[in-house]
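Chains as they are written, first to last, in this note's numbering: chain A, 43 to 485; chain B, 43 to 485. Backbone N, C-alpha and C define an ideal beta-carbon position, used for all residues, glycine too. Since we're looking at a predicted model, the values are computed, not measured. For reference, the structure is listed below as structure tokens.
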């Protein structure tokens with residue numbers, strides 16, 4: 043029988059929007075891994091009638107119900123009482139659980155308040171799920187062929203209990219395996235990407251293909267369901283091949299891989315070093331790069347040259363360039379890139395200048411206009427972008443675009459030698475006026 | 043009639059646990075504010091049957107249904123189709139929405155892919171909710187006395203549309219006013235803060251006081267319910283006074299105010315300029331500062347001196363200091379701060395060096411050890427921290443702590459003159475070995 047799970051998160055703080063429910067995502071990810079399909083999540087507040095209603099619906103559409111929250115010692119903690127009533131079972135004191143709660147208080151040199159006794163009560167016939175880190179014990183029981191599991195809402199406690207006592211059991215029983223693979227893409231719009239792989243996105247298909255998008259990064263999800271892991275992997279492999287041939291170099295990584303992770307691997311593989319000169323991104327590129335552990339060997343330095351003086355003094359951008367073309371120009375981006383590269387002695391460098399807004403835009407140079415230059419010993423490549431969004435979104439998109447240009451450059455670079463680029467300029471600053479910059483508008 | 047809302051979040055990435063649903067909490071908080079009770083949240087994947095089922099249940103228990111997600115241009119975006127079918131309405135092309143989508147593509151010099159046309163389709167009789175930041179238009183309609191609202195899932199787009207076009211309408215209908223004020227604090231633990239204001243945190247109290255915490259920033263929420271805005275504001279005012287007297291300078295801002303916003307105001311008020319030298323925070327401080335629009339007048343430059351060479355060459359940190367005390371030492375933090383200040387000519391500067399981990403720690407200098415130095419013309423102040431958490435959490439906490447030190451310094455600084463600090467060193471590098479750094483351990 044296929045297991046279909048419903049996750050019910052209980053707590054007034056959740057339905058009031060005071061806290062964000064992170065348990066749901068954690069549990070869903072775990073269930074999916076052992077082939078249990080999660081079709082619904084429900085959140086209810088601390089009303090007995092609402093939780094009863096949610097259980098009534100859940101037993102009709104799922105055969106595994108996981109309730110998290112509402113196992114505390116106070117009046118508004120209703121989960122154990124509602125589940126017991128729903129299943130027509132009395133609540134019974136569990137001596138093992140009581141001993142554990144008393145031990146926790148003893149450890150802290152405190153007497154257990156009478157309140158906490160309720161936390162050792164579980165529905166008759168249920169199996170206790172001990173809580174080593176808190177006083178809220180969990181339990182599981184079978185009701186008309188449906189498994190109901192109750193765990194506390196505190197994420198750290200819930201996760202420890204789930205990981206140690208629930209997950210291994212689910213894993214050992216698992217018959218249907220769901221395997222998932224994410225292919226992360228950049229440099230293409232969601233709709234253009236969707237058109238290329240539309241024929242694979244039928245929800246009835248196995249593997250099922252879907253997309254999600256965040257600040258220009260689109261992840262294509264391939265999800266296969268099968269009896270064995272091998273079969274699922276082979277199903278994924280065929281679809282992946284097709285998607286890879288359709289999307290080519292738009293795909294930069296898999297799973298949790300970020301652009302900066304790919305750059306780190308490439309730098310390490312080719313033993314190349316990098317430096318950055320940022321204006322409108324204000325340090326975000328350096329921040330992203332330094333989120334990768336181990337990058338310190340390859341990322342030498344970053345300059346946030348926010349003022350014109352910093353561009354001139356630190357990066358040796360010729361003042362005439364700024365006067366003639368403006369600080370936001372391909373010429374200045376190029377000069378920033380070459381400037382930081384000679385300053386740091388790195389193999390590669392990047393220079394970014396633009397208008398992050400919301401103020402500072404003109405008709406000629408609107409908010410969102412960004413020039414990104416990449417410099418190597420032999421080449422200088424510049425691209426022009428027009429981004430939409432808030433100041434922070436523009437910074438994010440510009441930083442991701444810069445990292446993407448770097449990634450593409452690195453993927454063709456061989457050792458310390460960098461291959462031909464679309465647009466080259468032998469010497470920045472000289473004759474810069476007539477240089478055609480490659481234009482690229484990204485949404 | 044009491045409005046009862048149900049929030050339905052749609053997306054395979056949500057039920058699979060790939061991303062955490064933040065929209066639900068945002069919407070619930072807003073609904074609560076205008077006196078609409080949120081009793082259920084439901085999350086479903088990209089299956090038409092599942093969303094239909096969720097709608098069937100929702101119309102029985104709520105009279106306002108807000109669906110977010112599933113309005114994209116690809117095959118797995120099912121919301122508009124399912125709502126139309128559910129309400130027995132055909133999907134009709136909305137010319138206004140189509141024009142808007144076409145305009146977005148035109149602006150980017152692109153031809154609209156045929157795919158995107160579906161995003162301009164809404165159920166017959168529905169009112170369009172325009173999306174100024176993306177191609178997914180929303181809509182609302184009335185179905186058997188129940189309001190159904192559909193908005194995109196991308197949080198930034200959804201929030202803008204809700205804020206601008208849905209919320210004002212809900213607010214104008216509301217009878218009970220809920221007013222909320224947030225006081226943002228830094229430099230104190232949540233439990234220590236909680237102890238100071240415990241007597242105000244009774245859930246029956248009006249205004250109701252609560253806290254939430256994120257990477258060291260604790261926000262105290264004061265929430266008052268009343269018939270008029272004036273009455274609610276006056277209730278809040280009394281409680282706020284009490285909290286302010288209890289928490290003093292731990293409070294740095296209100297509402298959405300971040301540490302970097304406060305620093306910007308102070309810099310502008312005192313006409314002082316700033317530069318940064320970052321090692322372990324890797325550009326994050328500069329990134330945070332440059333998220334504030336208008337800061338370019340005061341933030342001159344930032345150096346991400348990730349390598350020792352960069353520290354020596356760019357910031358003129360004496361090589362002996364690094365050899366004698368190590369790159370992670372109060373002496374190097376101080377030398378970085380004074381170095382970037384003389385390089386940029388700024389009034390204030392900050393130098394940060396530490397071990398973000400997960401590798402690189404030793405028994406003597408563990409992961410999480412961070413030195414933060416602030417330099418002015420007259421003073422040099424250093425603090426030592428030991429942060430817990432992942433690489434990114436340590437970077438975040440270190441950056442926030444640096445900004446907080448800067449904020450406290452600026453709040454006592456008068457014009458270009460900076461007042462006395464806890465710890466001063468007349469000349470960095472000389473006799474540095476014996477200088478006691480102020481120690482501060484933050485968990």
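For residue i and residue j, I'd like the C-alpha separation in whole angstroms.
| i | j | result |
| --- | --- | --- |
| residue 83 of chain A | residue 109 of chain A | 10 angstroms |
| residue 157 of chain B | residue 203 of chain B | 22 angstroms |
| residue 61 of chain A | residue 147 of chain A | 28 angstroms |
| residue 13 of chain B | residue 356 of chain A | Residue 13 of chain B lies beyond the range of chain B shown here (43 to 485); nothing can be said about it. |
| residue 432 of chain A | residue 298 of chain B | 15 angstroms |
| residue 71 of chain B | residue 378 of chain A | 45 angstroms |
| residue 463 of chain A | residue 417 of chain A | Its pLDDT being 35, under 50, residue 463 of chain A is placed unreliably by the model, and the measurement read from it follows with that caveat. The alpha-carbon atoms of residue 463 of chain A and residue 417 of chain A are separated by roughly 11 angstroms. |
| residue 66 of chain B | residue 51 of chain B | 7 angstroms |
| residue 266 of chain B | residue 390 of chain B | 41 angstroms |
| residue 218 of chain B | residue 229 of chain B | 36 angstroms |
| residue 285 of chain B | residue 276 of chain B | 15 angstroms |
| residue 199 of chain A | residue 178 of chain A | 9 angstroms |
| residue 107 of chain B | residue 169 of chain B | 15 angstroms |
| residue 453 of chain B | residue 447 of chain B | 10 angstroms |
| residue 349 of chain A | residue 325 of chain A | 13 angstroms |
Specify the secondary structure class of residue i as computed by DSSP and reduced to three states.
| i | result |
| --- | --- |
| residue 158 of chain B | helix |
| residue 163 of chain A | strand |
| residue 459 of chain B | Residue confidence is low: residue 459 of chain B scores 41 on pLDDT, short of 50, so the model does not pin down where it sits. Its coordinate-derived value is still stated next. Strand at residue 459 of chain B. |
| residue 278 of chain A | helix |
| residue 406 of chain A | coil |
| residue 168 of chain A | coil |
| residue 291 of chain B | helix |
| residue 152 of chain A | coil |
| residue 429 of chain B | coil |
| residue 506 of chain B | Because chain B here runs from 43 to 485, residue 506 of chain B falls outside it and cannot be looked at. |
| residue 113 of chain B | coil |
| residue 52 of chain A | strand |
| residue 59 of chain B | coil |
| residue 202 of chain A | helix |
| residue 449 of chain B | helix |
Contact criterion: CB-CB distance below 8 angstroms. Does residue i meet it with respect to chain A?
| i | result |
| --- | --- |
| residue 82 of chain B | yes |
| residue 299 of chain B | no |
| residue 352 of chain B | yes |
| residue 55 of chain B | yes |
| residue 116 of chain B | yes |
| residue 89 of chain B | yes |
| residue 58 of chain B | yes |
| residue 494 of chain B | No information on residue 494 of chain B is available, as it lies outside the stretch 43 to 485 that chain B covers here. |
Flag residue i as yes if its beta-carbon sits less than 8 angstroms from any beta-carbon of chain E, otherwise no.
| i | result |
| --- | --- |
| residue 198 of chain B | Absent here is chain E; the protein component of the structure consists of chains A and B. |
Step through the CB atoms of chain B and report whether any lies within less than 8 angstroms of the CB of residue i.
| i | result |
| --- | --- |
| residue 329 of chain A | yes |
| residue 195 of chain A | no |
| residue 341 of chain A | yes |
| residue 243 of chain A | yes |
| residue 290 of chain A | no |
| residue 435 of chain A | yes |
| residue 333 of chain A | yes |
| residue 451 of chain A | no |
| residue 395 of chain A | no |
| residue 464 of chain A | Confidence at residue 464 of chain A is low in this model, with a pLDDT of 34, below 50, so the placement of that residue is unreliable and no value is reported for it. |
Do residue j and residue i have their beta-carbon atoms positioned less than 8 angstroms apart in this structure?
| i | j | result |
| --- | --- | --- |
| residue 412 of chain B | residue 369 of chain B | no |
| residue 351 of chain A | residue 415 of chain A | no |
| residue 318 of chain B | residue 392 of chain B | yes |
| residue 143 of chain A | residue 161 of chain A | yes |
| residue 293 of chain B | residue 225 of chain B | yes |
| residue 395 of chain B | residue 322 of chain B | yes |
| residue 331 of chain A | residue 305 of chain A | yes |
| residue 511 of chain B | residue 99 of chain B | One cannot answer for residue 511 of chain B here, as it falls past the ends of chain B, which runs 43 to 485. |
State yes or no: is the C-beta of residue i nearer than 7 angstroms to some heavy atom of the ligand FAD?
| i | result |
| --- | --- |
| residue 366 of chain B | Within the structure as shown, the ligand FAD is missing, as the structure has no ligands at all. |
Beta strand (DSSP E) runs contained entirely in the segment 331–374 of chain B, provided each spans 3 or more residues: 341–347
Ranges of the beta strand (DSSP E) found wholly within the segment 219–256 of chain A, counting only runs of at least 3: 219–227 and 250–256
Start-end ranges of the alpha helix (DSSP H) lying completely within the segment 72–100 of chain B, minimum 4 residues: none
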